[in-house]
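So the structure is just underneath, and the comments pick up after that.
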Amino acid sequence: MRGQPELYRILEELNIPFDYHEHPPVPTVEEASKYWKGIDSAHCKNIFFRNHKGNRHYLVII
959 MRGQPELYRI LEELNIPFDY HEHPPVPTVE EASKYWKGID SAHCKNIFFR NHKGNRHYLV
1019 II
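So the sequence shown is residues 959 to 1020, counted in the working numbering.
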């Protein structure tokens, strides 16, 4: 499984500009919006699912 440091390394190798922003988990887009102030970009909702066995993971980005 690839981790966050490897993703950053790949983006840098491909000369793809990026910024990293982190905030605590929030249940709604409205609550998350207070962390977006000053960030000029498109915003999306990320939902992470896992099956009951825990062996399959899904990331849905809306």
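Heads up, the beta-carbon is just placed ideally off N, CA and C, and yes, glycines get one too. Bear in mind the structure is a predicted one, so any value in this text is a computation, not a measurement.
One or two residues paired with residue i in a DSSP bridge
{"i": "Arg-1008", "result": "His-1015"}
CA nearest to the CA of residue i, picked from the options
{"i": "Phe-1007", "options": "Val-1018, Ser-999, Ile-997, Asp-998", "result": "Val-1018"}
{"i": "Tyr-978", "options": "Tyr-966, Lys-995, Gly-961", "result": "Tyr-966"}
{"i": "Ala-990", "options": "His-981, Ile-997, Asn-1013, Asp-998", "result": "His-981"}
Nearest-angstrom Cα separation, counted from residue j out to residue i
{"i": "Asn-1004", "j": "Glu-970", "result": "23 Å"}
{"i": "Val-984", "j": "His-1001", "result": "14 Å"}
{"i": "Gly-1012", "j": "Ile-974", "result": "32 Å"}
{"i": "His-1015", "j": "Lys-995", "result": "31 Å"}
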